[in-house]
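Be aware that the sequence shown starts at 147, since it is given in my numbering, and climbs by one per residue.
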Amino acid sequence: MATGYTPRGIFKELIRVAERVCKSYRVLVGLEIHVQLATKSKMFTGAPNGATNFGAEPNSLVNEVILGLPGTLPVMNKKAIEYSIMVGVALGCKIARHSKWDRKSYYYPDLPKNYQISQYDLPLCGEGMFEMTGEDGKPKSVRIRRAHLEEDAGKLLHEAPGGYKIDHSIVDLNRAGTPLLEIVTEPDLSSPKDVATFGQELQKLVQFLGVSEAQMQRGHMRFEPNINVHITDQNGAVHKTAISEIKNLNSFSVLERATAFEIRRQVHEWEETGALGRKCTMGWEESTQSTFLQREKEDAQDYRYFPDPDLVAVEVDDAWLSELKSRVGELPAARRKRYVQSLGLSAADAATLAGDRATGDFFEAVLAAGAEAKRAANVIEALREVVPETRSLGEMTNAGIADRGLTPAQVSAAALLVQSGKVAANKETAKAILKAMADTNATAEQAAQALGLLQVSDTSAIDAAIDALLAQNPKSVGDYQAGKQAALGALVGMVMRSAKGLNPKMVQERLKERLS
């Protein structure tokens with residue numbers, strides 16, 4: 147295989163070249179995504195889950211089942227099955243009413259049993275569809291081929307803990323047995339940018355569902371793009387390069403760059419040699435910003451799949467499926483659409499509020515307490531700058547003042563002050579009121595009063611200030627009545643300066659009445 151193409155070493159150049167290729171040839175990219183599920187225990191044993199015990203001492207999350215000792219038997223993790231079905235529902239997949247477990251046999255030091263428990267021909271989740279916005283700004287549908295549940299393998303370390311160099315590899319089995327959902331798409335992605343966008347949207351989805359922390363730097367999500375290019379020559383003949391799979395990409399930036407490089411490598415090889423390559427597995431070398439050959443791709447029969455005799459099948463009845471669908475609830479895309487179309491929010495505000503379930507639920511609770519949508523959105527934006535970084539809106543939903551939390555009812559009260567015109571409609575005012583509420587146990591109105599932020603809305607006080615000003619400024623009055631609209635703004639400003647704390651909206655309304 148020709149692998150001599152060397153990139154110029156910068157990210158933008160890789161993407162630029164890939165974009166040119168994507169416009170000249172037909173690029174097909176499918177993804178395999180491995181998502182570690184955030185259960186307390188592992189997939190087939192009660193040992194603590196490595197995905198939710200990050201940083202544990204090597205080989206401290208291990209028991210006899212993980213080690214594959216004779217006489218041990220696996221026991222299914224029901225929560226992992228439920229999480230997988232919830233993802234399938236969110237992806238529009240057909241949920242299998244009957245699925246089973248299979249042994250995938252291979253020898254590697256990070257797999258003590260010499261087989262992995264997986265699902266071969268009867269996965270939990272079948273065909274589905276994921277909607278996203280493509281690089282061109284248009285809606286794009288990505289078909290889901292399947293999503294199946296399996297156990298993760300251990301990890302080979304080539305440095306001792308602490309980064310010390312060693313002349314051999316060591317095995318950490320903390321990851322072994324972690325519930326792992328593998329999602330496989332059809333080759334419906336056609337550019338590096340779309341590949342990365344799909345990954346980001348999927349990350350948001352599993353985080354929204356609460357089934358995975360999906361922290362890339364912790365290995366909770368790993369991406370493996372399968373790439374090939376259909377090249378049409380001058381005679382109209384189509385040449386299809388062999389599919390290459392890039393293994394274990396763990397950031398969206400790397401996913402985009404590796405996809406871009408591999409597209410260019412395949413086209414370059416065909417242009418230089420006329421060869422279409424061989425089906426293979428590639429790795430990514432960050433230091434050289436290039437892919438490299440790992441091995442020829444195995445076929446399924448190499449793994450000698452057969453049903454696991456120690457595990458019963460998974461049967462999903464109507465009641466269980468209905469319950470899991472109710473847990474999924476309204477998805478982010480549907481929430482964003484409703485917030486824009488029904489509540490009149492901007493696309494940016496809708497995206498922020500619907501970005502995770504906790505924030506969306508908090509916003510819904512603020513609305514239920516009486517606040518208007520736009521005012522609630524603005525006050526929640528201010529709230530994000532007041533609440534300590536260690537607290538999330540979700541944690542605050544049922545929290546009280548004692549631990550610096552603000553409930554939705556309290557936040558709604560702050561929004562209602564703005565809504566009623568009692569305080570100015572700006573972020574700094576909202577932040578000051580929210581901070582005082584959190585620090586002093588005051589109500590929204592008490593906090594605004596103590597800070598001197600309450601606006602005077604008493605018409606008699608406003609009229610008195612207006613009368614005094616009009617008597618002193620006959621020229622400005624004459625200018626406005628002569629048709630100079632700018633004079634009104636000047637008069638409002640003078641009234642506001644003459645009597646602090648007046649409601650500017652009411653001042654303007656009363657001035658117009660007096661001058662008409």
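Glycine is no exception: its CB is placed at the ideal position from the N, C-alpha and C atoms.
Rounded to the nearest angstrom, the gap between the Cα atoms of Gly272 and Gln595 is 59 Å. Per DSSP, reduced to three states, the secondary structure at Gln262 is strand. In the DSSP assignment, Tyr310 forms a beta bridge with Ala306. Distance from the CA atom of Val341 to the CA atom of Ile329, rounded to whole angstroms, is 14 Å.
Only residues of its own chain outside the window of five on either side were considered, and among them Gly274, Phe276 and Ile290 have a CB closer than 6 Å to the CB of Leu237, listed in chain order. If you ignore the 5 residues before and after Met189, its C-beta comes within less than 6 Å of the C-beta of Asn223, Ala226, Glu297, Gly323 and Pro325, all in its own chain and listed in chain order. Judged by beta-carbon spacing, Val181 lies beyond the 9 Å limit of Ala193, meaning their Cβ atoms are not closer than that value. Secondary structure note for Asp248: its beta strand (DSSP E) is the uninterrupted segment Asp248 to Ser251.
Restricting attention to alpha helix (DSSP H) runs no shorter than 4 residues, the region 434-505 encloses them at 464-474, 478-487 and 493-499, ordered along the chain. In the three-state scheme derived from DSSP, where H, G and I count as helix and E and B as strand, Asp318 is classed as strand. In this structure, Val564 lies away from Arg530, with their beta-carbon atoms at least 9 Å apart.
Non-local C-beta neighbours of Pro620 in its own chain, meaning closer than 7 Å and more than five positions away in sequence, are absent. The residue among Arg424, Val460, Gln435 and Tyr451 with its C-alpha nearest the C-alpha of Lys443 is Arg424.
Distances from the CA of Gly214 to each of Ala202, Gly201 and Ile263 were compared; the closest alpha carbon is that of Ile263.
For the options Leu207, Leu177, Gly176 and Ile179, the alpha carbon positioned closest to that of Thr191 is the one of Leu207. Distances from the alpha-carbon of Glu359 to those of Ala406, Lys651, Thr185 and Ala561 put Thr185 closest.
In the structure shown, Ser230 adopts helical secondary structure according to DSSP, grouped into three states.
For His244, the beta-bridge partners assigned by DSSP are Glu461. Per DSSP, the beta bridge partners of Gly274 are Ile290. Between Leu183 and Val357 a beta carbon distance of about 6 Å is seen, short of the 8 Å cut, so the two are scored as contacting. Taking all protein chains shown into account, Lys250 has 16 or more neighbouring C-beta atoms within 10 Å of its C-beta and is therefore buried. Glu408 has its alpha-carbon roughly 10 Å from the corresponding atom of His414. Under the DSSP assignment, Leu177 falls in the beta strand (DSSP E) whose first and last residues are Arg172 to Gln182. Here Pro554 carries a helix assignment [DSSP, helix/strand/coil]. Its chain contains Val375 and Thr387 as the residues whose beta carbon lies nearer than 6 Å to that of Gln412, once the 5 sequence neighbours on both sides are disregarded; these appear in chain order. As DSSP reads the structure, Ser187 sits in a beta bridge with Pro194. For the options Glu527, Glu370 and Glu391, the alpha carbon positioned closest to that of Thr427 is the one of Glu391.
Within the same chain, Thr427 come within 6 Å of Arg441 by CB-CB distance, once the 5 residues on both sides are set aside. Shown here for Ala555: same chain residues with a beta carbon closer than 7 Å to its own, the five before and five after excluded, namely Ala515 in chain order. One thing to note: Ser245 has its Cβ within 9 Å of the Cβ of Leu270.
As computed with DSSP, Pro325 is found in a beta bridge with Glu297.
With a cutoff of 9 Å on beta-carbon distance, Leu580 and Ala523 are scored as not near each other. Here Ala465 is exposed. Its C-beta has fewer than 16 other C-beta atoms within 10 Å. Residue pairing of Val330 in beta bridges, as defined by DSSP: Glu178 and Arg292. One thing to note: Ile231 has its Cβ no nearer than 9 Å to the Cβ of Leu457. Val486 and Leu499 have their C-alpha atoms roughly 11 Å apart.
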